[in-house]
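Residue numbers (the UniProt record's numbering): 1 to 306.
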C-alpha cells in the first residue's frame, strides 16, 4: 500500500498546500479530486514511494490543515469502491439490477492541454486573454458568450477555454494563474474536462453510435415555445431544420411539447458556435441545455397517449 485517501479537506486548499503539510513523509504525488469545472470535492489521494512512508503518514490523521481537521486512511484498491464494500458486507453480491429501462452513464475525462477559466471580467477580450497566457504556449482561445434577445447583443459570460501546446504548459498555467487577480476579480484556472455521456438501453439497437457534427439536442425548453419560436432562437447559426418533440394528448386531442427538441445546422462550425453561445441561454425564465445530438436517427415526433 503506497496510496492514502485524505478527506475533510478545506475546499480552498491547493495541491501545494497538501504537499507542504505532508512533506515530512516525502509524498510522490498529490491529486485533489475536483468537479468538472474545477472546484475541489474536499478529498485527495497521496502517493508515496514506499509502503513504509505511507504507513508513517497515517500519523497525519486528525491534524488540522487550513481550517479543517483532516481524515487520513489507506486508499481502497481500485477494484473495490466504498459503496461496493458496504454492499458486499450486507450480502449484496449479485449483479446490479438490469431491469431498469435506461441507464445513463457519465464519465468526465480530463484533458491534458486545455484550460477552463471562470470569473473573468465581463469586459475582457480574447486579445487580453492571449496576452495574459502567452508564456504558456497558447494555441486557441474561446471566450464563451451569450446572445441576449433583449437589445440583440452578445455578452461575455466570464468563462473561457484555452488550448495550450503541452500538458506541461497546462500544469504551469494552472499553478501560476489560478487565483490570479484580473481587474479586481480572482480568476479560477483548472484543467478542462471532456464530458462523455452514453445512454444505454436494454436493446442494443438503441445504443448511440457517435455524436453528430451538425445536430444539437436542446432540453428544458418552455412548454409554450412554438416551432417557429424555437427555430428563431438559433436563426443566426444557419439552421436547416428545428423540431420540437411532442406527444399527443388523446383526451384533449392536442399535441403538446415535451420540452426538448433537435436542431440541424449547415456546418459543424455553426453547431459548435450554437453550443458555446446558447447552452444555459435563458428562454422565458428557463435556462436551456444545448449539446451535440447522437448520430443515430432520433425520432423527431412521438405519439404517446396520456
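Each residue gets a CB set at the ideal place from its N, CA and C atoms; glycine is no exception.
Because the structure is a prediction, the values reported are computed rather than measured.
{"Check": "Give the range of the beta strand (DSSP E) segment to which residue 211 is assigned.", "Outcome": "211-219"}
{"Check": "Helix, strand or coil for residue 102, going by three-state DSSP, please let me know.", "Outcome": "In this prediction, residue 102 scores a pLDDT of 38, lower than 50, which makes its location untrustworthy; the coordinate-derived value is nonetheless stated afterwards. Looking at residue 102 - three-state DSSP - the assignment turns out to be strand."}
{"Check": "In whole angstroms, what separates the C-alpha of residue 235 from that of residue 243?", "Outcome": "13 Å"}
{"Check": "For residue 255, report the span of its beta strand (DSSP E) as first-last.", "Outcome": "254-265"}
{"Check": "Just list the beta strand (DSSP E) runs in the UniProt domain \"RRM\" (113-194), keeping only unbroken ones of 3 residues or longer that don't cross its boundaries, in chain order.", "Outcome": "138-148, 153-164"}
{"Check": "How is residue 249 classed by DSSP in three states: helix, strand or coil?", "Outcome": "strand"}
{"Check": "So, are the CB atoms of residue 293 and residue 245 less than 8 Å apart?", "Outcome": "no"}
{"Check": "Once DSSP output is grouped into helix, strand and coil, what is the label at residue 284?", "Outcome": "coil"}
{"Check": "Give the single residue among 256, 8, 188 whose Cα lies nearest to the Cα of residue 73.", "Outcome": "8"}
{"Check": "Label residue 27 either buried or exposed according to how many other C-beta atoms from any shown protein chain fall within 10 Å of its C-beta, with 16 as the threshold for buried.", "Outcome": "buried"}
{"Check": "So for residue 234, helix, strand or coil by DSSP?", "Outcome": "coil"}
{"Check": "For the alpha helix (DSSP H) containing residue 222, name the first residue and the last one.", "Outcome": "That residue, residue 222, is in no alpha helix (DSSP H); it is neither H nor E in DSSP."}
{"Check": "I need the straight-line Cα distance from residue 181 to residue 134, nearest angstrom please.", "Outcome": "16 Å"}
{"Check": "Counting only the same chain and skipping the five closest in sequence on each side, list residues whose C-beta sits under 8 Å from that of residue 145.", "Outcome": "154, 155, 156, 157, 276, 277"}
{"Check": "Find out if the Cβ-Cβ distance for the pair residue 190, residue 114 is shorter than 8 Å.", "Outcome": "no"}
{"Check": "Taking the alpha-carbon of residue 267 as reference, which of 237, 247, 123, 284 has the nearest alpha-carbon?", "Outcome": "237"}
{"Check": "So the candidates are 64, 220, 10, 269; which of them puts its Cα closest to the Cα of residue 214?", "Outcome": "269"}
{"Check": "Anyone know if the C-beta pair for residue 116 and residue 161 falls short of 8 Å?", "Outcome": "yes"}
{"Check": "Per DSSP, residue 7 forms a beta bridge with which residues?", "Outcome": "71"}
{"Check": "Considering only residues of the same chain and omitting the five flanking positions on each side of residue 50, which have a CB-CB separation below 8 Å?", "Outcome": "2"}
{"Check": "Can you give me the C-alpha to C-alpha distance between residue 118 and residue 265, rounded to a whole angstrom?", "Outcome": "29 Å"}
{"Check": "Look at the alpha carbon of residue 291 and the alpha carbon of residue 223, and state the distance between them as a whole number of angstroms.", "Outcome": "19 Å"}
{"Check": "In its own chain, which residues sit with a C-beta less than 7 Å from the C-beta of residue 29, not counting the 5 before and 5 after it?", "Outcome": "47"}
{"Check": "On the DSSP bridge list, what partners appear for residue 289?", "Outcome": "219"}
{"Check": "If you drop the 5 nearest sequence neighbours on each side, which residues of the same chain put their C-beta closer than 6 Å to that of residue 186?", "Outcome": "179"}
{"Check": "Provide the residue span of the alpha helix (DSSP H) that contains residue 272, from first to last.", "Outcome": "268-278"}
{"Check": "Distance check for residue 254 and residue 171, CA to CA, integer angstroms please.", "Outcome": "56 Å"}
{"Check": "Using DSSP with H/G/I as helix, E/B as strand and the rest coil, what is residue 345?", "Outcome": "For residue 345 there is no data in the structure shown, the boundaries of the chain being 1 and 306."}
{"Check": "Using a Cβ-Cβ cutoff of less than 8 Å, which residues in the same chain neighbour residue 61 once the five nearest sequence positions on both sides are dropped?", "Outcome": "70, 71, 72, 73"}
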